[in-house]
Each structure stands twice: as C-alpha cells, then as structure tokens.
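Peer 1: Protein chains in written order, with our numbering: chain H, 3 to 119; chain G, 3 to 160. From the three backbone atoms N, C-alpha and C, an ideal C-beta is built for every residue, glycine too. None of these values were measured; they are calculated from a predicted model. Below you'll find the structure I mean.
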Amino acid sequence: MMQFVWAFLVGGAICVIGQLMFDVAKLTPGHTMSLLVVAGAVADGLGLYDPLVEFAGAGASVPITSFGNSLVHGALSELERDGIMGVVTGIFEVTSGGISAAIIFSFLAALVFKPKG
Amino acid sequence: MANQQMKKTTQVQRKYQALAKGKEPPRPIVLNCIRAFVAGGAICVLGQGIMEAMVHWFDMEQDKASDPTVAILIFISVLLTSFGVYDKIAQWAGAGAAVPVTGFANSLCSSALEHRSEGLVLGVGGNMFKLAGSVIVFGVVAAFFIGILHHILGGGAH
C-alpha cells in the first residue's frame, strides 16, 4: 500500500517541477519535456534514478524522466557487452516498447478517428 | 532572437508591449502546481496499480512489469486523445498531464490526428513526431554522451 502513496507523492512532485518550469521559468512544453528527459538521463548516469524507481515504483517510471533513464540504461548495458559501439546500438533497447506502442496506437487512431476540438 | 525582434519595433510598439505586459493576468502558480501534483500523482498511482496487477496475475517480476504498464498507459492515453478527452484533462492539469508518459503519447496521437487530412504519408507519418521529436532527439543525444563518458571514466552499467 505504501508503494501507492510513494508513487503518488514522487510522481506528483515531478509533475510540479514540470509545472514550475512552465509557469515560473516560462518554458514551452517542448523545452520542459526535453529538459526533463535530459535530467532523467543524467540522473541515471550518476546512478541516482534506479534507487528512485526502487523506492517510488511507477511514481518514477511513469513520468517522462524515466524515458531518459531507460535510454541510458540501454546504452550502458550494451556498452558493457559490446564495447563502445554498444552505446549507439543499445540506446533504444529498453525504450523501444514504449515508442513502438505510441507510434502504432497513434497511427491506428489516425486511421479510425477524426480530430476533435 | 527576442532582442533582434525588439530592435525592429518602433517606440510606440515597445510602449504597447510594456502596457500589455502589465495587463496580462498573473498565472495562478500555486493552484496550477496543486493541480499538476494531484493529476500527475493520480496517473502514477494508476500506473502502479497496473504494475501490481501484472505482477499479481501474470507472475511478472517488478522491473519486467514496467514495460507492459507503459504500453497500457499509452494505449489509454491514445484512446482518450482520440475521443478528445485528454486535451480537456490537460487543460485542467497542465504539467500533471504532460509530464507522465501519457503526455508523450498524447502529443504523438494529437499530431497524427491533426495532420490526417494531409494524407497518411506526409500528414500522419511526417508530423507524428512534430512535438515529441525533440524529447527523443535530446534524450538520445544525452544518453549517447553519458554512455561515452561512462566508457572513458570506466564506470560499468548498473
């Protein structure tokens, strides 16, 4: 049960950081998301993101920062296995599921639905 | 860019801009943050619920369960976007709807739908990553440099 509470608190906190970047720093959504992804990637590079996922579960793995985290994860695990080329080949190893799902579902949606509002 | 634009404006235009800035309604920052917190937290709790369900019913390990969880969240987000519901949620929740992975799916799907009328290849295919592309570009470039740094500094994977 505590997992749900931590997921709520940590996930909410990351969204508040995003909101502050919108409202206080007056960044566009594109800039905000890019910065958050890079922040997630750097956090994983320093080994800080895994403990956060361990602790907050979906609170850390659902926000977009985890996308940067998974990119670095893929790059580093193939770096260890295949050497320097692994950095390039491994980047999408972990995230390919999410990106493919988003592309496929969005394409199918575009076939079926008309834009609303 | 902004400075270059400023140079082209006349005295009157600059005066107007200063006036308009004063009349702009202030953004309700605290309220926006509370909304973002509640909505973002709720989406993460939903994700946690899906993850626990995966672990419980499909005998998945905790870290393996996060991939199908993300896929399910993306599916839900695409459906809500297609029915025009997600944009309404986003209007209320601000970053609370944009920062979770559902916001990423929303930006893909809404770009795809918006440009549907320009055809499948040039419209849907060409514009799907119009908004989400920068996230992928900067994520990949950052991951590349972090990987190179790890290689140079000799840190292993974790």
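To the nearest angstrom, report how far apart glycine 125 (chain G) and serine 119 (chain G) are at their CA atoms.
Peer 2: 7 Å
Peer 1: Report the start-end ranges of each beta strand (DSSP E) in the segment 6 to 53 of chain G that is 3 residues or longer and not cut off at the edges.
Peer 2: none
Peer 1: Let me know if threonine 2 (chain G) comes out buried or exposed under the rule of 16 or more other beta-carbons within 10 Å of its beta-carbon.
Peer 2: No information on residue 2 (chain G) is available, as it lies outside the stretch 3 to 160 that chain G covers here.
Peer 1: Would you call the CB atoms of isoleucine 76 (chain G) and alanine 104 (chain H) closer than 8 Å?
Peer 2: yes
Peer 1: Between the segment 123 to 139 of chain G and the segment 77 to 90 of chain H, do three or more beta carbon pairs fall short of 8 Å?
Peer 2: no
Peer 1: Distance check for glycine 70 (chain H) and glycine 149 (chain G), CA to CA, integer angstroms please.
Peer 2: Here the alpha carbons of glycine 70 (chain H) and glycine 149 (chain G) stand approximately 12 Å from one another.
Peer 1: In angstroms, rounded to a whole number, what distance separates the CA positions of valine 12 (chain H) and histidine 117 (chain G)?
Peer 2: 35 Å
Peer 1: With a threshold of 8 Å on Cβ separation, who are the neighbours of threonine 71 (chain G) within its own chain once the five nearest residues in sequence on each side are excluded?
Peer 2: Gly49, Ile52, Met53 and Met56
Peer 1: Could you tell me the boundaries of the alpha helix (DSSP H) in which threonine 104 (chain G) lies?
Peer 2: 103 to 116 is the extent of the alpha helix (DSSP H) around threonine 104 (chain G).
Peer 1: Using the three-state DSSP reduction, which class does proline 120 (chain H) fall into: helix, strand or coil?
Peer 2: Residue 120 (chain H) is absent from the model: chain H starts at 3 and stops at 119.
Peer 1: With the cut-off set at 8 Å, would you say serine 79 (chain G) and asparagine 108 (chain G) are in Cβ contact?
Peer 2: yes
Peer 1: Glutamine 5 (chain H) to alanine 44 (chain G), Cα distance in whole Å?
Peer 2: Straight-line spacing of the CA atoms in glutamine 5 (chain H) and alanine 44 (chain G) works out to 13 Å.
Peer 1: Report the rounded CA-to-CA distance for leucine 81 (chain G) versus alanine 73 (chain G), giving the unit in angstroms.
Peer 2: 12 Å
Peer 1: Going by Cα to Cα distance, which pick from H:Val44, H:Val55, H:Pro65 and H:Thr91 is closest to glutamine 207 (chain G)?
Peer 2: Residue 207 (chain G) lies beyond the stretch modelled for chain G, which goes from 3 to 160, so this question has no answer here.
Peer 1: Tell me the start and end of each unbroken beta strand (DSSP E) in the segment 35 to 66 of chain H that is at least 3 residues and wholly inside, in chain order.
Peer 2: none
Peer 1: Relative to chain H, which residues along the segment 25 to 50 of chain G have a C-beta separation below 9 Å, given in chain order?
Peer 2: Arg29, Pro30, Ile31, Asn34, Cys35, Ile36, Arg37, Ala38, Phe39, Val40, Ala41, Gly42, Gly43, Ala44, Ile45, Cys46, Val47, Leu48, Gly49 and Gln50
Peer 1: Quick check on the DSSP output: the alpha helix (DSSP H) that includes glutamine 64 (chain G) runs from which residue to which?
Peer 2: Element bounds for glutamine 64 (chain G): n/a, residue is neither H nor E.
Peer 1: Is DSSP giving valine 89 (chain H) helix, strand or coil here?
Peer 2: helix
Peer 1: Measure the alpha-carbon distance for leucine 50 (chain H) versus leucine 115 (chain G) and round it to whole angstroms.
Peer 2: 37 Å
Peer 1: Count Cβ pairs between the segment 87 to 99 of chain H and the segment 93 to 108 of chain G that sit closer than 8 Å; are there 3 or more?
Peer 2: no
Peer 1: Output the distance between the C-alpha atoms of glycine 127 (chain G) and lysine 28 (chain H), rounded to the nearest integer angstrom.
Peer 2: Glycine 127 (chain G) and lysine 28 (chain H) have their alpha carbons spaced roughly 30 Å apart.
Peer 1: Counting only C-beta atoms, is phenylalanine 57 (chain H) closer than 8 Å to chain G at any point?
Peer 2: Phenylalanine 57 (chain H) does not count as touching chain G.
Peer 1: Going by the CB atoms, is the gap between isoleucine 66 (chain H) and valine 137 (chain G) shorter than 8 Å?
Peer 2: yes
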